[in-house]
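**Q** Here it is: the structure, laid out below.
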Amino acid sequence: MLPLGGNFLSSHEQLFFWFRSDNATNARGFTMSWTSMEYVCGETLNLNLNDAGIINSPGYPGKTPTKRECEWSLNAPYGSRLVLRIYEIKLGSMRNCTGDALKIYDGGVLTKSFCESAKPEPFRTSSNKVLIHYHTDTFQTDSSFQLHYEVEIGVPHCGGIFTESSGVIISATDQPVCLYLIQQPPGIQIKLEFLEFHFGQVVSCNLHVIEVFNGKTSEDPLLLRLCSPNKPPPIVAESNYMLIQHKNLVHNSESGLIFKLKYSRGTALQS
Numbered sequence: 001m002l003p004l005g006g007n008f009l010s011s012h013e014q015l016f017f018w019f020r021s022d023n024a025t026n027a028r029g030f031t032m033s034w035t036s037m038e039y040v041c042g043e044t045l046n047l048n049l050n051d052a053g054i055i056n057s058p059g060y061p062g063k064t065p066t067k068r069e070c071e072w073s074l075n076a077p078y079g080s081r082l083v084l085r086i087y088e089i090k091l092g093s094m095r096n097c098t099g100d101a102l103k104i105y106d107g108g109v110l111t112k113s114f115c116e117s118a119k120p121e122p123f124r125t126s127s128n129k130v131l132i133h134y135h136t137d138t139f140q141t142d143s144s145f146q147l148h149y150e151v152e153i154g155v156p157h158c159g160g161i162f163t164e165s166s167g168v169i170i171s172a173t174d175q176p177v178c179l180y181l182i183q184q185p186p187g188i189q190i191k192l193e194f195l196e197f198h199f200g201q202v203v204s205c206n207l208h209v210i211e212v213f214n215g216k217t218s219e220d221p222l223l224l225r226l227c228s229p230n231k232p233p234p235i236v237a238e239s240n241y242m243l244i245q246h247k248n249l250v251h252n253s254e255s256g257l258i259f260k261l262k263y264s265r266g267t268a269l270q271s
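Be aware that the sequence shown starts at 1, since it is given in full-length UniProt numbering, and climbs by one per residue.
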């Protein structure tokens with residue numbers, strides 16, 4: 001029951017109301033107003049360590065309307081990761097994912113794709129950033145899903161935030177995506193040097209790459225994109241933030257240290 005002045009946002013394009021009245025009372029009844037608007041589903045969640053919650057498809061536990069494109073962006077602190085437990089997935093039967101689909105991206109890398117009904121085991125991300133994309137096509141089905149997320153401490157050396165005036169970053173050896181954020185006081189540049197670098201034979205830049213951004217997100221200008229065995233020269237960010245993104249989808253159980261970086265403060269930025 002909605003309180004006086006309460007509101008309700010529907011997940012479908014139709015609503016049905018039932019009003020029942022008997023002879024016990026003789027009151028004024030009720031008034032209600034409605035407004036139509038463009039449907040938006042999904043949201044951005046900025047999370048803290050140990051935060052937890054549930055994401056439902058529109059209309060859950062009922063079926064999702066057709067032609068929906070929903071995205072949930074989960075951003076946890078650097079150095080943490082997310083545990084995802086999918087309680088229920090009801091989708092169509094298009095194995096090539098041309099119909100209804102649920103896709104999960106770990107640090108920008110597609111790691112899970114569901115196109116049929118399933119009961120997957122819980123899984124952990126490697127990075128602190130997850131994008132969940134849910135699509136329904138033009139055919140009416142009984143598609144829906146529900147998942148639970150929780151933020152926990154990440155794998156050692158896979159990601160983190162670095163705020164000291166200088167320090168060393170060592171790569172993880174067995175994680176597909178790791179994000180390292182270097183943060184310095186406003187007006188201070190950041191210098192980055194590769195102390196050790198063992199990239200090995202590169203199969204594809206789409207499978208193994210190091211990217212360095214002049215800022216705190218991957219939307220900021222790209223300073224370096226490295227997918228060759230050649231050790232790069234030192235680089236300097238014209239910002240007090242530097243994001244290092246390491247994607248390694250060709251992990252070998254015998255591989256060891258991939259890189260060892262040193263960061264330090266550069267010259268002060270001119271105001």
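For every residue, glycine included, the Cβ atom is placed at its ideal position computed from N, Cα and C. These numbers were taken from a predicted model, which means no experiment stands behind them.
For Leu-91, which option in Leu-82, Leu-102 and Leu-84 has the closest C-alpha, if you only look at C-alpha atoms?
**A** Ranking the options by Cα distance to Leu-91, first place goes to Leu-102.
**Q** If you drop the 5 nearest sequence neighbours on each side, which residues of the same chain put their C-beta closer than 8 Å to that of Ser-113?
**A** The residues are Cys-97, Ala-101, Leu-102, Lys-103 and Ile-104.
**Q** Output needed for Phe-259: all residues of its chain with C-beta closer than 6 Å, excluding positions within five of it in sequence on either side, in chain order.
**A** The answer, listed in chain order, is Ser-171 and Phe-197.
**Q** Which residue's Cα is closest to the Cα of Glu-121: His-148, Gly-200, Val-109 and Leu-243?
**A** If we check each option's Cα against that of Glu-121, His-148 comes out closest.
**Q** I need the straight-line Cα distance from Gly-215 to Gly-79, nearest angstrom please.
**A** Distance between the alpha carbons of Gly-215 and Gly-79: 18 Å.
**Q** Rounded to a whole number of angstroms, what is the C-alpha to C-alpha distance between Thr-138 and Lys-191?
**A** If I take the Cα positions, the gap works out to 51 Å.
**Q** Can you check whether the CB of Ala-76 is closer than 8 Å to the CB of Leu-47?
**A** Contact flag set, yes.
**Q** Within 8 Å, do at least three Cβ pairs link the stretch 209-225 to the stretch 152-169?
**A** At 8 Å Cβ cutoff, the stretches do not touch.
**Q** Count the CB pairs spanning the stretch 156-170 and the stretch 178-186 that are closer than 8 Å, and state whether there are at least three.
**A** Because the criterion of three Cβ pairs below 8 Å is met, the stretch 156-170 and the stretch 178-186 touch.
**Q** Going by the beta-carbon positions, is the gap between Gln-189 and Ala-237 smaller than 8 Å?
**A** Cβ atoms of Gln-189 and Ala-237: closer than 8 Å.
**Q** Let's see if you can read the secondary structure: which residues bound the beta strand (DSSP E) around residue 293?
**A** The structure shown does not extend to residue 293, since the chain spans only 1 to 271, so no value can be given for it.
**Q** Among residues of its own chain, excluding the 5 on either side of Leu-195, which ones have a beta-carbon nearer than 6 Å to its beta-carbon?
**A** Closer than 6 Å at the Cβ level, and outside the excluded window around Leu-195, lie Lys-260 and Lys-262.
**Q** Within the same chain, show all residues whose beta-carbon is closer than 8 Å to that of Leu-131, passing over the 5 residues directly before and after it, in chain order.
**A** Once the five neighbours on either side are set aside, the close Cβ partners of Leu-131 are Glu-71, Trp-72, Ser-73, Leu-74, Ile-104, Tyr-105 and Gly-108.
**Q** Between which residues of its own chain and Ser-253 is the CB-CB distance below 6 Å, once the five residues before and five after are set aside?
**A** In this prediction, Ser-253 has a pLDDT of 48, which is less than 50 and means its spatial position is unreliable; nothing more can be read from the coordinates.
**Q** Closest to Ser-57 by CA distance: which of Leu-49, Glu-69 and Asn-50 is it?
**A** Taking only the C-alpha atoms, the option nearest Ser-57 is Glu-69.
**Q** Relative to the C-alpha of His-208, which residue among Ser-228, Ser-218, Tyr-87 and Leu-223 is closest?
**A** Among Ser-228, Ser-218, Tyr-87 and Leu-223, the Cα nearest to that of His-208 is on Ser-228.
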